[in-house]
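Chemist: Sequential numbering from 60 applies to the sequence shown in my numbering.
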Amino acid sequence: RLSIYRQVFEASDDIAEMVKSLSNIFKHSLNKGDKLIRLQDEIEHMQDYMKIQNFRFHDRYKLHIDIADHLLNVKILTFLLQPILENGVYHGLEPKVGDGNIYLNIKEKDNLLLITFYDDGVGIEDIMLLEKGYGINNIKERIRLYYGPQYGITINSEKNKGTKVKLVIPFR
């Protein structure tokens, strides 16, 4: 990894950063086989993903994260957040003309971890199409199996205004 990074670094700073981010994503996906990951690590993974997307799309997208420091070491199931971010970029921001934003807010309230994504993309006319997708169904099923049927994900969207995705899981 480092030798590739050094060779690429000499060619271009941007390409070197992209290779580093891609390497981090691969490392994250292995996660040593653990089911759980710290929120801090999941956030870093999403930031690496956004670096690659911004390289592809010439810095059109911004990821805004709001999380209290005391939540950074909380562990959640792996790959709960990144697929939602990816959906926001792919379905919300890529089709949008101009720049786009994704806001991520993570807070704890009443022994629950409340995770909210909001993108200012094109929105979704038919939520049922999104909910039939593999990514969202995978997240729903994994939350149900690991945390219980009372926890889950909700999606609201308005065409030409954006999409909001909320996850509710127990705070542990």
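Beta carbons are placed, not taken as given, at the ideal position from N, Cα and C, and that holds for glycine.
Buried or exposed for residue 156, going by 16 or more other Cβ atoms inside 10 Å?
Modeler: exposed
Chemist: So who's on the other strand from residue 228, going by DSSP bridges?
Modeler: 172
Chemist: Is residue 60 buried or exposed, if buried means 16 or more other CB atoms sit within 10 Å of its CB?
Modeler: With a pLDDT of only 49 at residue 60, under the threshold of 50, the placement of this residue in the model should not be trusted; the figure read from the coordinates follows. Answer is exposed; the Cβ neighbour count stays below 16.
Chemist: Determine which residues share a DSSP beta bridge with residue 126 and list them.
Modeler: 165
Chemist: Which of helix, strand or coil does DSSP assign to residue 202?
Modeler: helix
Chemist: Taking residue 165 and residue 98 to be in contact with their CB atoms under 8 angstroms, please state how far apart those CB atoms are, rounded to whole angstroms.
Modeler: 7 angstroms
Chemist: With residue 95 as the anchor, note down where its beta strand (DSSP E) starts and where it stops.
Modeler: Segment 95-97, the beta strand (DSSP E) holding residue 95.
Chemist: Check the DSSP bridge columns for residue 121 and list the partner residues they point to.
Modeler: 160
Chemist: Whose CA, out of 153, 124 and 135, lies closest to the CA of residue 229?
Modeler: With respect to the C-alpha of residue 229, the residue from 153, 124 and 135 having the closest C-alpha is 135.
Chemist: Taking Cβ to Cβ, would you say residue 183 is nearer than 8 angstroms to residue 129?
Modeler: The answer is no: Cβ separation not under 8 angstroms.
Chemist: Does the Cβ-Cβ distance between residue 220 and residue 212 come in under 8 angstroms?
Modeler: For residue 220 and residue 212, no; Cβs fall outside 8 angstroms.
Chemist: Distance, Cα to Cα, residue 204 vs residue 210?
Modeler: 10 angstroms
Chemist: Buried or exposed: where does residue 196 fall if 16 or more other Cβ atoms within 10 Å of its Cβ makes it buried?
Modeler: exposed
Chemist: Inspect the beta-carbon positions of residue 159 and residue 201 and report whether they are closer than 8 angstroms.
Modeler: no
Chemist: Secondary structure at residue 131, three-state DSSP: helix, strand or coil?
Modeler: coil
Chemist: Please tell me whether residue 180 and residue 142 are closer than 8 angstroms, where the distance is taken between their beta carbons.
Modeler: no
Chemist: If you draw a straight line from the alpha carbon of residue 105 to that of residue 132, how long is it in whole angstroms?
Modeler: 16 angstroms
Chemist: Kindly indicate the opening and closing residues of the alpha helix (DSSP H) around residue 143.
Modeler: 141-146
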